[in-house]
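Counting from 568, one number per residue, gives the positions in the sequence shown under my numbering. Quick reminder that beta carbons are idealized off the backbone N, C-alpha and C, glycines included. Please read the structure below before turning to the comments.
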Amino acid sequence: MASEHILFGTYTKRVSKGIYAADFDSKTGQLSNANLVAELGSPTYLALSNANKLYAVDKGNGEGGVAVYDYKDGHATLQQEVLSEGASPAYVAVDESRQLVYTGNYHKGTLDVYAIAENGDLTLTDSYQSEGKGPRPEQESTHVHFSNLTPDNRVVVVDLGADKVLTFDVSDSGKLKLVATFTTEAGFGPRHIRFSPDGQYAYLLGELSSKLSVLKYNADGSFTLLQTVLMIPEDWDAHNGGAAIYVSNDGRFIYTSNRGHNSIAVFAVKENGATVEHIQWISTEGDFPRDFALSPDEKFLVAANQNTDNVSVYARDSETGKLRLVQKDFAVPEAIRVLFV
Numbered sequence: 568m569a570s571e572h573i574l575f576g577t578y579t580k581r582v583s584k585g586i587y588a589a590d591f592d593s594k595t596g597q598l599s600n601a602n603l604v605a606e607l608g609s610p611t612y613l614a615l616s617n618a619n620k621l622y623a624v625d626k627g628n629g630e631g632g633v634a635v636y637d638y639k640d641g642h643a644t645l646q647q648e649v650l651s652e653g654a655s656p657a658y659v660a661v662d663e664s665r666q667l668v669y670t671g672n673y674h675k676g677t678l679d680v681y682a683i684a685e686n687g688d689l690t691l692t693d694s695y696q697s698e699g700k701g702p703r704p705e706q707e708s709t710h711v712h713f714s715n716l717t718p719d720n721r722v723v724v725v726d727l728g729a730d731k732v733l734t735f736d737v738s739d740s741g742k743l744k745l746v747a748t749f750t751t752e753a754g755f756g757p758r759h760i761r762f763s764p765d766g767q768y769a770y771l772l773g774e775l776s777s778k779l780s781v782l783k784y785n786a787d788g789s790f791t792l793l794q795t796v797l798m799i800p801e802d803w804d805a806h807n808g809g810a811a812i813y814v815s816n817d818g819r820f821i822y823t824s825n826r827g828h829n830s831i832a833v834f835a836v837k838e839n840g841a842t843v844e845h846i847q848w849i850s851t852e853g854d855f856p857r858d859f860a861l862s863p864d865e866k867f868l869v870a871a872n873q874n875t876d877n878v879s880v881y882a883r884d885s886e887t888g889k890l891r892l893v894q895k896d897f898a899v900p901e902a903i904r905v906l907f908v
């Protein structure tokens, strides 16, 4: 069996104990051998560095932050916890070229930057406090949900509460400088953003609106709106929240998850990246799919259902972009983040 490993970040509200791992057969798409690799409070998002340091959202005793693990041969050894009073972050990302880590805090509305030491430990270098609010009940204040690199090595921050996308220059020492602000339609509730392989376009997922916007990414770090489409059927009137978005390596297809409609939506990319067209919905065979991931060879997609404690696997047709279910009841408690390692 050609085996790979997946790490699952989770909530620990009900039955989960922390970070789980499982084996993945890259020939058949079957998951097996789920096991707990790190006991931690609600590690809802994870990032692994090239130096095999695992950076995980960390929560406990009224504090939140990042836990640093040495991750080798399927074993995670805790080496540092960087905690402060209040809520934990919602997103963590590694900047290999500058050796920095970025976290976005939903409840505090902050972007935090940490320098990575030789041993993988973190030291805070800068913090940005976002501001603003939107018209929906969930937008009573700023809510930073995403902070990661742009194709030209800036940092982009998505603020769900303020309906904004912020672009920053970052110095090698981890200092931030805001260079552009994009404002969505009111109530869009942007959550995550991904870019086309050539860096010309960006795809912005709206959690509160269940919409997907295509943006032109400009040389100065600004964005221009080109198109907005629905991620759910027009007649869907029950609650839905858009969650994660990924783009295939060839830039031809976009995948998003719907929590409520409980589906993966598939879009074909047209006009070299400038427009998208919906081509498929497929059930996640569970409730509340937050994160998912494409396998390294992109032959499979793995989606986690938080409320039903199960993970589903789909075979992916690289020509049509469409998905076909191959496994649906693999048990992982309160799973959110899906990370191939």
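CA-to-CA distance, residue j to residue i, given in whole angstroms
i	j	result
Ser609	Thr579	5 Å
Glu886	Ala810	25 Å
Ile831	Gln894	15 Å
Asp787	Ser780	20 Å
Glu752	Ala569	46 Å
Asp590	Lys744	41 Å
Thr644	Ser655	20 Å
Glu685	Asn807	43 Å
Thr677	His710	8 Å
Lys594	Leu868	13 Å
Tyr881	Ser862	10 Å
Phe897	Lys866	19 Å
Leu615	Leu797	32 Å
Phe834	Gln597	25 Å
Gly632	Ser651	6 Å
Leu793	Gly827	27 Å
Val836	Arg819	5 Å
Leu892	Lys783	33 Å
His845	Thr690	43 Å
Lys639	Glu663	18 Å
Phe855	Val843	24 Å
Asn619	Ser714	21 Å
Gly728	Ala841	26 Å
Asn628	Val725	28 Å
Status (buried if at least 16 other CB within 10 Å, exposed otherwise) for residue i
i	result
Asp693	buried
Gln696	exposed
Gly641	exposed
Glu852	buried
Arg904	buried
Ala805	exposed
Thr791	exposed
Ser599	exposed
Pro702	exposed
Thr734	buried
Thr875	buried
Arg883	buried
Asn877	buried
Coarse secondary structure for residue i, derived from DSSP in three states
i	result
Pro757	strand
Glu774	coil
Pro704	helix
Leu667	strand
Arg721	coil
Gln873	coil
Gly687	coil
Thr734	strand
Asn816	coil
Asp787	coil
Thr887	coil
Gln696	strand
Ser714	strand
Asn807	coil
Pro764	coil
Proximity below 8 Å, CB of residue i to CB of residue j
i	j	result
Glu707	Leu775	no
Glu648	Asp679	no
Val737	Val723	no
Tyr587	Leu603	yes
Gln873	Glu838	no
Ile821	Tyr768	no
His712	Gly741	no
Gln646	Val659	no
Lys675	Gly699	no
Gly576	Tyr612	yes
Asn829	Pro764	no
Phe749	Val732	yes
Ala682	Leu667	yes
Arg761	Ile812	yes
Leu890	Ile573	no
Asp730	Arg665	no
Ala860	Ser824	no
Residue i at chain B interface by Cβ criterion, 8 Å
i	result
Ser776	Checking the listed chains, one finds no chain B in this structure; it contains a single protein chain.
Minimum length 3: unbroken beta strand (DSSP E) runs contained in the stretch 827 to 854: Counting only runs of 3 or more, we get 830 to 837, 842 to 850.
Beta strand (DSSP E) segments (min. 3 residues) lying fully within the stretch 590 to 675: The stretch 590 to 675 contains these whole beta strand (DSSP E) runs: 598 to 606, 613 to 615, 620 to 627, 630 to 639, 642 to 652, 658 to 662, 667 to 672.
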